[in-house]
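Contents: one structure, followed by commentary.
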Amino acid sequence: MATLAKDFTKGLWKEIPPFRLVLGLCPTLAVTKSAMNGLGMGAAATFVLLMSNIIIASLRNVIPKKVRLASYIVIIATFVVIVENVMQAYTYGLYERLGIFIPLIVVNCIILGRAEAFASKNAVIHSAADGLGMGLGFTISLTVLGALREILGTGSLFGIPVMWSSFEPFTFMVEAPGAFICLGLILGIMNVLGD
Amino acid sequence: MDILILIISAILVKNIVLAEYLGNCPFLGTSKKMDTAIGMGMAVIFVLILASIITWVVQIYALVPLDLVYLQTIVFILVIATLVQLVELFLKKTVPPLYQSLGIFLPLITTNCAVLGVAILNIRRGHSFIEMLIFSASSAIGFAIALILLAGLRERFEISDIPRPLQGTAIGLVTAGLMALAFFGFQGVDNALKAL
Numbered sequence: 003m004a005t006l007a008k009d010f011t012k013g014l015w016k017e018i019p020p021f022r023l024v025l026g027l028c029p030t031l032a033v034t035k036s037a038m039n040g041l042g043m044g045a046a047a048t049f050v051l052l053m054s055n056i057i058i059a060s061l062r063n064v065i066p067k068k069v070r071l072a073s074y075i076v077i078i079a080t081f082v083v084i085v086e087n088v089m090q091a092y093t094y095g096l097y098e099r100l101g102i103f104i105p106l107i108v109v110n111c112i113i114l115g116r117a118e119a120f121a122s123k124n125a126v127i128h129s130a131a132d133g134l135g136m137g138l139g140f141t142i143s144l145t146v147l148g149a150l151r152e153i154l155g156t157g158s159l160f161g162i163p164v165m166w167s168s169f170e171p172f173t174f175m176v177e178a179p180g181a182f183i184c185l186g187l188i189l190g191i192m193n194v195l196g197d
Numbered sequence: 291m292d293i294l295i296l297i298i299s300a301i302l303v304k305n306i307v308l309a310e311y312l313g314n315c316p317f318l319g320t321s322k323k324m325d326t327a328i329g330m331g332m333a334v335i336f337v338l339i340l341a342s343i344i345t346w347v348v349q350i351y352a353l354v355p356l357d358l359v360y361l362q363t364i365v366f367i368l369v370i371a372t373l374v375q376l377v378e379l380f381l382k383k384t385v386p387p388l389y390q391s392l393g394i395f396l397p398l399i400t401t402n403c404a405v406l407g408v409a410i411l412n413i414r415r416g417h418s419f420i421e422m423l424i425f426s427a428s429s430a431i432g433f434a435i436a437l438i439l440l441a442g443l444r445e446r447f448e449i450s451d452i453p454r455p456l457q458g459t460a461i462g463l464v465t466a467g468l469m470a471l472a473f474f475g476f477q478g479v480d481n482a483l484k485a486l
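Those sequence lines, one after another, are chains A and B. With our numbering as the guide, the letters of the first sequence map in order to residues 3 to 197. With our numbering as the guide, the letters of the second sequence map in order to residues 291 to 486.
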């Protein structure tokens, strides 16, 4: 039980992606123009990560070593197609804003990384805990980064104005350079905070 | 003229890494040394153009007529993964020196989102065959340029005094941000060209 809790919580702080486990940078930088986008992207990635970890862990003794990466990619891609279609049907606005970064979940290195490093070696229940923890960690990171950039870049949070009325937004923060610099500084802060 | 705008826009104005946020993991992962940056840049140019051509043909002549467009993601990633394996085998057998310099980067390219991203963008933007070729080639060159420029900057970090918490990827990201800011300036070139 203790190890199960550890598998789950390591994704929330000790190895939180992408701040400590620096993978999956493209969606991290691209969709965090607002907190809502970050949350949506995180939720989509969490679903794919959890489901692919479960399936890969349950098939880990069946998949031949030589074709394992191709097999993982097919499993991950299947869940990405499901997410894509569900989001197109039920959350069309978010689907439009996230754009090509929804199909690109398939090449998110966090998901393939967890499949290779964890789900291919551990039992289903542990892999599920790992996938859920990493997914939640990713969602939290993306929401925090999105919130920061949205507050500084537009003066609002989840679309609601939160800054004083004379606040002049740094439009720079919602553009590409702001994304890189903001993430770089957060990585620096995480290094200061340590474990 | 449109072709020229497409080229300049894909290489400088809407640089695939610095403005479109694609391929950031290899961008930061392989930019610590100039040699690796050049190797990765060349490998990406090669695979990205090939992958774009094949996925475009698959989309237009197989997925659309068969009404299977919803399987785009899964088909494209399989095509790319297979292609990368084939290229690896082909280079190993026929051009061993090239394989030795590019070989280690090839497996990494399957999960480089610039490759799948450009393949999908070609379809979503409704490019014709020629436009697809030019857009893919310019995007790939834009990726290589950004990667090599960043590697040039990061090589100098080895001898500079960077605050300890920012060392490594953190300062790499900040540098990339400043580069993105500089590339923002090219927007003026695009506007000037369009006004011609």
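Even glycine gets a Cβ: it sits at the ideal position worked out from N, Cα and C.
Taking each of A371/B, Q375/B, S428/B, F380/B in turn and checking the Cα distance to L406/B, the smallest one comes out for A371/B. Flagged as an interface residue toward chain A: N314/B, by a C-beta distance shorter than 8 Å. Among the residues of chain B, those whose CB is under 7 Å from the CB of L27/A are N314, C315, L318, following chain order. Around the C-beta of I57/A, 16 or more other C-beta atoms lie within 10 Å, and the residue is accordingly described as buried. When secondary structure is reduced to three states using DSSP, I162/A falls in the strand class. A Cβ-Cβ distance of about 3 Å is found for the pair G13/A and G135/A, placing them in contact under the 8 Å criterion.
Interface residue (Cβ-Cβ distance to chain A less than 8 Å): G442/B is not classified as such.
If you draw a straight line from the Cα of V479/B to the Cα of L144/A, it is about 33 Å long. Close to chain A, meaning a Cβ-Cβ distance shorter than 9 Å, are the following residues of the segment 451 to 474 of chain B: P453, R454, P455, L456, Q457, G458, T459, A460, I461, G462, L463, V464, T465, A466, G467, L468, M469, A470, L471, A472, F473, F474. Of the candidates T363/B, I431/B, T345/B, G331/B, the residue whose Cα lies closest to the Cα of I301/B is I431/B.
The Cβ neighbour count for Y92/A, taken over all protein chains shown within 10 Å, is under 16; the residue is labelled exposed. Contact with chain A is found for T363/B, since one of that chain's Cβ atoms lies less than 8 Å from the residue's Cβ. Closer than 8 Å to the CB of V50/A there is not a single CB belonging to chain B.
The C-alpha of I344/B lies about 11 Å from the C-alpha of L368/B.
Here DSSP, grouped into helix, strand and coil, assigns L356/B to coil.
With fewer than 16 other beta carbons inside 10 angstroms of its own, Q457/B counts as exposed. Two segments are said to touch when three or more pairs of C-beta atoms, one from each, lie closer than 8 Å; by this definition the segment 162 to 175 of chain A does not touch the segment 114 to 133 of chain A.
A Cβ-Cβ contact shorter than 8 Å links A404/B with G313/B. Ranked by Cα distance from A149/A, the options S167/A, A130/A, E170/A, C184/A are led by C184/A. The alpha-carbon of L154/A is positioned some 38 Å away from that of Y360/B. By the CB criterion at 8 Å, F366/B and I410/B fall inside the cutoff.
Proximity of chain B to P171/A at the Cβ level (cut-off 7 Å) is not reached, the minimal Cβ distance being about 17 Å. Your pair A309/B and I438/B does not check out as a contact, with CB atoms roughly 17 Å apart and the cut at 8 Å. Those residues of the segment 72 to 88 of chain A placed with their C-beta closer than 9 Å to a C-beta in chain B are A72, I75, V76, I78, A79, T80, V82, V83, E86, N87, ordered along the chain.
A check of alpha carbon separations from I435/B across K304/B, I293/B, M291/B, I295/B identifies K304/B as the nearest. The way I'd put it, the segment 91 to 108 of chain A does touch the segment 35 to 53 of chain A; three or more beta-carbon pairs between them come closer than 8 Å. Not a single CB atom of chain A sits nearer than 8 Å to the CB of I306/B. In this structure, S299/B keeps its C-beta atom at 8 Å or more from the C-beta atom of S426/B. Close CB contacts of I461/B within its chain, under the 7 Å cut and outside five residues either way in sequence, are with F447, I452 (chain order).
Scanning K67/A, I142/A, V88/A for the CA closest to the CA of P105/A turns up V88/A. Distance from the Cα of S167/A is smallest, within the candidate group M175/A, S158/A, P29/A, F174/A, for S158/A. Cβ contact annotation for R151/A (same chain, cutoff 8 Å, sequence separation greater than five): T34, K35, S36, M175, V176, G180, A181, C184, in chain order. For P179/A, at least one C-beta of chain B is nearer than 8 Å to its own C-beta. If you check the CB distance, L189/A and L463/B come in under 8 Å.
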